[in-house]
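Taken in order, the first sequence gives residues 1 to 503; the numbers are from the working numbering.
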Amino acid sequence: MTNQAGTYIEQLKDNVGKQVKLAGWLYNSRSSGKVQFLIIRDGTGLCQCVVEKGKVPDDVFEQLRHLGQESSLAVTGLVRADERSVGGYELAVTAAEVIGRTEGYPITPKSHGVDFLMRHRHLHFRSQRQWCIGRVRHTVIDAIRRFFNDNGYVLIDTPIFTTIVGEDQTSLFEVDYFGEPLHLTQTGQLYLESAAMSFGRVYCFGPTFRAEKSKTRRHLTEFWMVEPEVAFIDLDGLLELAENFVSYIVARVLADNRSELETLGSDIESLEKMTPPFYRLTYTEAVEILTGQRTVDFMAEQLRQLRDQRQRAKGGIAELEQQLTGSLKQWKRDKIAAELIELRADLAETNTKIENNPKHAELAAGFRWGKDLGGSDETIISQMHDKPVFVTHYPKDAKAFYMKTDRADEKVALNFDLLAPAGFGEIIGGSVREDDHDRLLARIKQEGLNPETYAWYLDLRKYGSVPHGGFGLGVERTVAWITAEKHIRQCIPFPRMMDKVYI
RNA sequence: UCCCCGAUAGCUCAACCGGUAGAGCGAGCGGCUGUUAACCGCUAGGUUGUAGGUUCGAGCCCUACUCGGGGAGCCA
Numbered sequence: 001m002t003n004q005a006g007t008y009i010e011q012l013k014d015n016v017g018k019q020v021k022l023a024g025w026l027y028n029s030r031s032s033g034k035v036q037f038l039i040i041r042d043g044t045g046l047c048q049c050v051v052e053k054g055k056v057p058d059d060v061f062e063q064l065r066h067l068g069q070e071s072s073l074a075v076t077g078l079v080r081a082d083e084r085s086v087g088g089y090e091l092a093v094t095a096a097e098v099i100g101r102t103e104g105y106p107i108t109p110k111s112h113g114v115d116f117l118m119r120h121r122h123l124h125f126r127s128q129r130q131w132c133i134g135r136v137r138h139t140v141i142d143a144i145r146r147f148f149n150d151n152g153y154v155l156i157d158t159p160i161f162t163t164i165v166g167e168d169q170t171s172l173f174e175v176d177y178f179g180e181p182l183h184l185t186q187t188g189q190l191y192l193e194s195a196a197m198s199f200g201r202v203y204c205f206g207p208t209f210r211a212e213k214s215k216t217r218r219h220l221t222e223f224w225m226v227e228p229e230v231a232f233i234d235l236d237g238l239l240e241l242a243e244n245f246v247s248y249i250v251a252r253v254l255a256d257n258r259s260e261l262e263t264l265g266s267d268i269e270s271l272e273k274m275t276p277p278f279y280r281l282t283y284t285e286a287v288e289i290l291t292g293q294r295t296v297d298f299m300a301e302q303l304r305q306l307r308d309q310r311q312r313a314k315g316g317i318a319e320l321e322q323q324l325t326g327s328l329k330q331w332k333r334d335k336i337a338a339e340l341i342e343l344r345a346d347l348a349e350t351n352t353k354i355e356n357n358p359k360h361a362e363l364a365a366g367f368r369w370g371k372d373l374g375g376s377d378e379t380i381i382s383q384m385h386d387k388p389v390f391v392t393h394y395p396k397d398a399k400a401f402y403m404k405t406d407r408a409d410e411k412v413a414l415n416f417d418l419l420a421p422a423g424f425g426e427i428i429g430g431s432v433r434e435d436d437h438d439r440l441l442a443r444i445k446q447e448g449l450n451p452e453t454y455a456w457y458l459d460l461r462k463y464g465s466v467p468h469g470g471f472g473l474g475v476e477r478t479v480a481w482i483t484a485e486k487h488i489r490q491c492i493p494f495p496r497m498m499d500k501v502y503i
């Protein structure tokens, strides 16, 4: 079967003045009696198709007038540039053919709740926002592969069924593997280390599974992670690699998906500043900031701004309510009622932030050296910076057994997290790996892990051990940060969350 | 596992002190030759999450449960 469309919407700019045929779905339509405006999407973009009475057969005009949202159709017409149209081009329709009629499409052009949209995920894809995010995700993944492929890295596919524990036993999904318990991978890193001793620079890229009982906007039980691993590298080398890598991804999205970012409301100006070097803080410095006056002031200022915001919202609501008590035309009342709903939703969100602010301030102030940084602590640090922040040298006891101890300060590990700016939080975690056989063995025992299971991993330290390290970047968190999407469940096609799989 | 919030029309939300449940969008019909989540008129659409309780009377108060949202811990 040949493509029924002669032309895709993204090609319209090269076809001005020509007659073309488009095939797509009816995204929205407006009618003005003798002229109709059909917004059609075809996967490559949106196009306004203008249907004038008399320019098409009367029965076709009538059929289009009653066509439901998301009906599929093919339209033929003349391409012309018009500032008033989405995308700047429109089609003056001369012929149209309905392919699949639709009645009662559930997702309307008005707002919907998260749960409703998730239950209609298979249809939600068609919405503008999801379409934009999907295209950004595509670019992010392509940029990830290109960066490593162009810089001498070899792709290694690490297993999804694993016999080893990377992070924490409790966060693993167990599967019955012909009667034997195995686990779904939570990192490819350990396997990757063995590959790094062969190829030097390697990376793995695939789905990762974590059974953490986390119900937050930055958690999924199944997510995609890319992990490079490099032989003969130190912590500074890793930080440099990570900042070049992240900067490259952002630059690619800015180059390939600018209009999507605009539609999504991303902060393009701020993304353009994402160039090396990023900020560097040690964990100890981060703790000093969190427990110091700077954070007290910062949180107080934030609270003040939130309260202002709340006051403004309340004032707006009161004013609108006052207006409603007067005598008004019905349409005016309705309009005010709609505005009230929006203001109340904003107010509720602001109230939640106000409620959380003191809790987070308290958590930060009460932070003691030795704990891992909490989500809210990361948020505070990242909110204080306009570029990503590396936090390095965490207490080794709070970190995984494979991380190398800093020989200059045995209390800390040679590791780092990368926090995306403006409150997005952690998108990368990485470290230099412990390359001393006896130290690693001791840590494995200390964690209560079985050294026999890790015999092969210990072998890597017996035969030509070298300093090496790597990191993992979460794809969905990166996409969420770049697209300014609040929840990472919107950044993966079919999200799997704690206790919740929709379709 | 813990803390906070919520559940009312297909969807998003109103309903003052407890007194017969209302809008917008969507659907259907009609009007309008440049609309931008178009607009205007009409029509249809409800066992207020479930089970109890208090009351002359419960969407509203009380108890339990179910489901959903946000956050903590943990993490990419």
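Every residue, glycine too, gets a C-beta built ideally from N, C-alpha and C. Computed from a predicted model, the values in this text were never measured in an experiment.
query	result
Give the straight-line distance between the Cα atoms of Y402 and T185, rounded to the nearest whole angstrom.	16 angstroms
Who does Y279 pair with in a DSSP beta bridge?	V389
Does the separation of the CB atoms of T350 and R310 fall below 8 angstroms?	yes
So what does L473 bridge to, in DSSP terms?	V226, I428
Alpha carbon to alpha carbon, how far is T483 from T263? Give it in angstroms, no decimals.	10 angstroms
What is the DSSP secondary structure of F199, reduced to helix, strand or coil?	helix
Exposed or buried, what is T453 when buried is set at 16 or more other beta-carbons lying within 10 Å of its beta-carbon?	exposed
Please work out which residues of its chain come closer than 7 angstroms, Cβ to Cβ, to Y153, disregarding the five sequence neighbours upstream and downstream, and give them in chain order.	R201, V202, Y203, P228
My guess is that T162 and L182 are in contact by the Cβ rule of under 8 angstroms, so how many angstroms apart are they, rounded?	7 angstroms
So I488 is in the beta strand (DSSP E); what residue range does that whole segment cover?	Where I488 is concerned, there is no enclosing beta strand (DSSP E), given that its DSSP letter is neither H nor E.
Tell me, please, whether the segment 279-294 touches the segment 377-397 by the rule of three or more beta-carbon pairs shorter than 8 angstroms.	yes
Can you look up K359 in the DSSP assignment and give me helix, strand or coil?	helix
P421: buried (16+ other C-beta within 10 angstroms of its C-beta) or exposed?	buried
With DSSP as the reference, identify every bridge partner of H183, one or two as the case may be.	T162, E174
Excluding sequence positions up to five away, which residues of its chain have a Cβ less than 7 angstroms from the Cβ of S277?	It is worth fixing the name first, because residue 277 is Pro in this sequence and not Ser. Excluding residues within five positions, the ones whose Cβ falls inside 7 angstroms are E243.
Put T102 into one of helix, strand or coil per three-state DSSP.	coil
Looking at L117: is its Cβ nearer than 8 angstroms to the Cβ of C47?	no
Let me check one thing: in DSSP terms, what residues is P207 bridge-paired to?	W224
Hey, would you say V75 sits closer than 8 angstroms to C49, going by beta carbons?	yes
Hey, could you find the ends of the beta strand (DSSP E) G375 is sitting in?	Premise fails: G375 lies in the alpha helix (DSSP H), 375-383, not in any beta strand (DSSP E).
Can you name, in chain order, every residue of its own chain whose Cβ lies under 7 angstroms from the Cβ of F367, other than the five neighbours on each side?	V287, L290, T291, D377
Say whether the segment 131-139 touches the segment 249-267, bearing in mind that this needs 3 or more beta-carbon pairs closer than 8 angstroms, one atom from each stretch.	yes
So what's T352 in DSSP terms, helix, strand or just coil?	helix
For N151, does the three-state DSSP call read helix, strand or coil?	coil
Given this structure, state the Cα-to-Cα distance separating R258 from K213, to the nearest angstrom.	36 angstroms
Contact check, Q130 vs H124 under 8 angstroms by CB: the rounded distance?	6 angstroms
For A74, which residues does DSSP report across the bridge?	A23, E97
Given this structure, state the Cα-to-Cα distance separating R307 from D297, to the nearest angstrom.	15 angstroms
Please list, in chain order, all residues of the same chain as G6 whose beta carbon is under 7 angstroms from its beta carbon, the five residues on each side excluded.	V20, K21
What are the partner residues of N28, as DSSP defines its beta bridges?	I39
Run the CB neighbour count on S85, radius 10 Å, all protein chains shown included, and call it buried at 16 or more, exposed below.	buried
Compute the Euclidean distance between the alpha carbons of F209 and R477, then round it to the nearest angstrom.	15 angstroms
Quick one, which of S127, G134, D459, D115 has its alpha-carbon nearest V475's?	G134
On the premise that L67 lies in contact with E97, defined as a C-beta separation below 8 angstroms, what is that separation, rounded to the nearest angstrom?	Rounded, the Cβ-Cβ distance is 11 angstroms, inconsistent with contact.
What is the DSSP secondary structure of R307, counted as helix, strand or coil?	helix
Name the residue from R30, K399, D417, L419 whose alpha carbon lies nearest to the alpha carbon of K411.	K399
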